[in-house]
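Residue numbers (my numbering): 80 to 329.
Cβ atoms here follow ideal geometry from the backbone N, Cα and C, with glycine treated the same way.
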């Protein structure tokens, strides 16, 4: 059961394509973590083909949006953002389980007008640190800061600036997201749209913050580490770097 506030401050946006079990587990974790009094929860289904997807309509309080055709991750997120009612958008992968008390620190960080986007502490299911924010290297590759390290070390429990927040869990003000035109379709169907958004926020003088008080567990899928996908990510991130250079030279 999810709350249905009349005027939500926060919109949780969960894009999904198939993998219904992941989505239901994500929703269960969100519900059990509480702190949703001012939040609406949206699942946008990108024309899933597996049976049982109509189960989502049975989740009390959940807003379900369905694409008539498969649009891909970026277009799906942009469509959901246009439907959202909250002042703050929190994009959340369906293969994420949030921990108790995760949402309030993300939203509170955006009370500071100098902050443009917020990243949580991201953990592997076995408890190791997956990401404490992310950076883009000079060769165009992306790096998960703190990968495989102990999340309890002091260095990973201090709020600080980072290059960007991963789209697996990214909090941003809806007004800023709309002003930038959402995720840039040049990166469609996916990858590096999160970094690009954060770089554009930084161009506007806003900070990207890692907030360790917000903890989530992210189930990285094996297909995300294939050499083909890693090569594509690097190419797309190089495009991001070139785009950034063009902006700075204007």
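Judging by CA-CA distance, which residue of 253, 221, 138, 151 is the nearest neighbour of residue 190? 253
Tell me the rounded alpha-carbon separation between residue 211 and residue 84. 31 Å
Alpha-carbon to alpha-carbon, residue 106 and residue 204: 17 Å
Below 7 Å between beta carbons: does that hold for residue 80 and residue 131? no
Spatial neighbours of residue 222 in its chain, beta-carbon cut-off 7 Å, leaving aside the 5 residues before and after: Excluding positions up to five away in sequence, the list reads 213, 214, 216.
For residue 167 versus residue 269, is the C-beta distance shorter than 7 Å? Against a cut-off of 7 Å, the Cβ pair of residue 269 and residue 167 comes out as no contact.
Apart from the five residues on each side of it in sequence, which residues of its chain come closer than 6 Å, Cβ to Cβ, to residue 186? 89, 167
Inter-residue Cα distance where the pair is residue 218 and residue 280: 22 Å
Distance, Cα to Cα, residue 161 vs residue 243? Distance between the alpha carbons of residue 161 and residue 243 is about 22 Å.
Look at the alpha carbon of residue 147 and the alpha carbon of residue 193, and state the distance between them as a whole number of angstroms. 38 Å
Could you give the DSSP three-state label for residue 203: helix, strand or coil? coil
Rounded to the nearest angstrom, what separates residue 99 and residue 276 at their Cα positions? Using only the alpha carbons, I get a separation of about 28 Å.
With a CB to CB cut of under 7 Å and the five nearest residues on each side skipped, what residues in its chain are close to residue 246? The residues are 170, 272, 273.
Relative to the C-alpha of residue 228, which candidate in 208, 236, 234 has its C-alpha closest? 208
When the Cα atoms are used, what is the spatial distance from residue 301 to residue 224? Model confidence at residue 301 stands at a pLDDT of 41, short of 50, so the residue's coordinates are unreliable; what they give is reported in the following sentence. Rounded to whole angstroms, residue 301 to residue 224 spans 19 Å at the Cα level.
Nearest-angstrom Cα separation, counted from residue 110 out to residue 238: 26 Å
Can you name, in chain order, every residue of its own chain whose Cβ lies under 7 Å from the Cβ of residue 117, other than the five neighbours on each side? 84, 87, 88, 89
Out of 258, 145, 261, which has the shortest C-alpha to C-alpha gap to residue 128? 145
Proximal residues to residue 92 (C-beta, below 8 Å), its chain only, five neighbours per side dropped: 121, 123, 156, 159, 160, 163, 168, 169, 170, 171
So residue 142 is in the alpha helix (DSSP H); what residue range does that whole segment cover? Looking at the DSSP string, residue 142 is not in any alpha helix (DSSP H); the run it does join, the beta strand (DSSP E), is 142 to 145.
Which residue comes first and which comes last in the beta strand (DSSP E) that contains residue 107? From DSSP, residue 107 is part of no beta strand (DSSP E) but of the alpha helix (DSSP H) over 99 to 112.
Could you check what DSSP says for residue 266 in three-state terms: helix, strand or coil? helix
If I follow the unbroken beta strand (DSSP E) through residue 276, where does it start and stop? Counting along the chain, residue 276 falls outside any beta strand (DSSP E), though it belongs to the alpha helix (DSSP H) covering 272 to 282.
Under 7 Å between C-beta atoms of residue 297 and residue 175: yes
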